[in-house]
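J.: According to mature numbering (1 follows the signal peptide of the UniProt record, and there is no 0), the stretch in the sequence shown is residues -20 to -1, 1 to 164, in order.
Even for Gly, the Cβ is constructed at its ideal location relative to N, Cα and C.
Computed from a predicted model, the values in this text were never measured in an experiment.
Would you mind keeping the following structure in view while I ask a few things?
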Amino acid sequence: MFRKLFLGLFIFFVVGCASLPDSLKTQTETPITDFATIVDDPASVQHKEVRLGGIIASITNEKHRTRIEMASLPLTSDGRPKLDEKPQGRFVAYVDGFLEPLEYTQGRLLTVVGTLDGNEKGKVGEFEYTFPVVTVSGSQIWQIKQEIRIDNFDAYHSCIGTRCSFMNYGFGSTRGEVKQRVTK
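Structure (structure tokens):
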């Protein structure tokens, strides 16, 4: 009974924590989130709302706005970039005003919402590249947290009773695992 109650409360809190942040909400219910759609048919998606995210490749503060070049990653339903996916391409996001380059540094995870406003020619290294351009109306910067879990199977002795052998304590198997999580 206690396990079912605990499991129910755990699921309630996890589902409650997995909602889209206010900064990433759009006026349309279904903004474009698939970068492949933008690349495949750029004319049909111009001036539509998008929610894109990924890894910051570079940041440049201009006179009245900030230019962020990003490597696009697929997003989860709550707007977090998926770390286990490979980048789908690059896009440029323009944010009005100044952004601190120390906070929005290369390699950080960022999700932006805004409208798709044309393309921009540029280079990635020596390669000529056409970047889709997003005029940003909201953004969310993310952190990567590592969780380390170590299971010591010796701590859970399966014998119950007075005739158990305790000789194998300290010589059992231990398993460790490191997971990465994206958080606000």
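1) Distance check for THR46 and LEU89, CA to CA, integer angstroms please.
2) Pull up the distance between the alpha-carbon of SER(-2) and that of GLY59, whole angstroms please.
3) With DSSP as the reference, label ILE121 as helix, strand or coil.
4) Between the beta-carbon of VAL30 and the beta-carbon of LEU96, is there less than 8 angstroms?
5) Nearest CA to the CA of GLY77: which residue from ILE128, PRO22, ASN41?
6) Please check the pair TRP122 and THR85, which I expect to be a contact at CB under 8 angstroms, by giving their CB distance rounded to whole angstroms.
7) Pick out the complete beta strand (DSSP E) segments inside the segment 69 to 124, 3 residues or longer, and give them in chain order.
8) Quick check on DSSP: helix, strand or coil for LEU(-1)?
9) Taking the alpha-carbon of GLY105 as reference, which of LYS5, SER38, ALA16 has the nearest alpha-carbon?
10) Please return the same chain residues whose Cβ sits closer than 7 angstroms to the Cβ of LEU4, not counting the five positions on each side in sequence.
11) Are there 16 or more other CB atoms within 10 angstroms of the CB of ARG155, so buried, or fewer, so exposed?
12) Within 7 angstroms: the Cβ of LYS159 and any heavy atom of the ligand NAP?
13) Counting along the chain, where does the alpha helix (DSSP H) carrying VAL19 start and finish?
14) So within the segment 22 to 67, which uninterrupted beta strand (DSSP E) runs reach at least 3 residues, ignoring any that extend past its ends?
15) Just mark ARG70 as buried or exposed, buried being the case when its beta carbon has 16 or more other beta carbons within 10 Å.
16) Look at the alpha carbon of GLN7 and the alpha carbon of HIS27, and state the distance between them as a whole number of angstroms.
17) Starting from GLN160, follow its DSSP beta bridges and name the residues at the other end.
18) To the nearest angstrom, how far is it from the Cα of PRO81 to the Cα of GLU9?
T.: In short, the structure shows the following:
1) Sequence index remark: in the sequence shown, residue 89 carries index 109 (1-based). Sequence index remark: in the sequence shown, residue 46 carries index 66 (1-based). Using only the alpha carbons, I get a separation of about 16 angstroms.
2) Counting from one through the sequence shown, the residue named residue -2 turns up at place 19. Counting from one through the sequence shown, the residue named residue 59 turns up at place 79. Answer to the nearest angstrom: the Cα atoms are 9 angstroms apart.
3) Mapped onto the sequence shown, residue 121 falls at position 141. Three-state DSSP puts ILE121 in a strand.
4) Numbered from its first residue, the sequence shown carries residue 30 at position 50. Numbered from its first residue, the sequence shown carries residue 96 at position 116. Yes; because the gap between Cβ atoms is below 8 angstroms, this pair is in contact.
5) Residue 77 sits at position 97 when you count from the first residue of the sequence shown. Among ILE128, PRO22, ASN41, the Cα nearest to that of GLY77 belongs to ASN41.
6) For the purposes of this step, residue 122 is taken as the residue at position 142 of the sequence shown. For the purposes of this step, residue 85 is taken as the residue at position 105 of the sequence shown. With a Cβ gap of about 13 angstroms, TRP122 and THR85 do not count as contacting.
7) 69 to 76, 89 to 104
8) Walking along the sequence shown from the start, residue -1 turns up at place 20. Looking at LEU(-1) - three-state DSSP - the assignment turns out to be coil, as it is neither helix nor strand.
9) Within the sequence shown, numbered from 1, the residue matching residue 105 stands at position 125. GLY105 has its Cα closest to that of SER38, out of LYS5, SER38, ALA16.
10) If you number the sequence shown from 1, residue 4 lands on position 24. Around LEU4: ARG31, GLY59, THR91, VAL93, GLY118, GLN120.
11) Taking the sequence shown and counting its residues from 1, one reaches residue 155 at position 175. When all chains shown are included, ARG155 counts as exposed.
12) The model on display carries no ligand, and the ligand NAP is accordingly not part of it.
13) To locate residue 19, count along the sequence shown from 1; it is residue 39. VAL19 -> alpha helix (DSSP H) spans 15 to 20.
14) 29 to 41, 45 to 53
15) Counted from its first residue, the sequence shown places residue 70 at position 90. So ARG70 ends up on the buried side.
16) Here residue 7 refers to the residue found at position 27 of the sequence shown. Here residue 27 refers to the residue found at position 47 of the sequence shown. About 13 angstroms.
17) Counted from its first residue, the sequence shown places residue 160 at position 180. Its beta-bridge partners are GLN126.
18) For the purposes of this step, residue 81 is identified with residue 101 of the sequence shown, where counting begins at 1. For the purposes of this step, residue 9 is identified with residue 29 of the sequence shown, where counting begins at 1. Near 32 angstroms, if we compare the C-alpha coordinates of GLU9 and PRO81.
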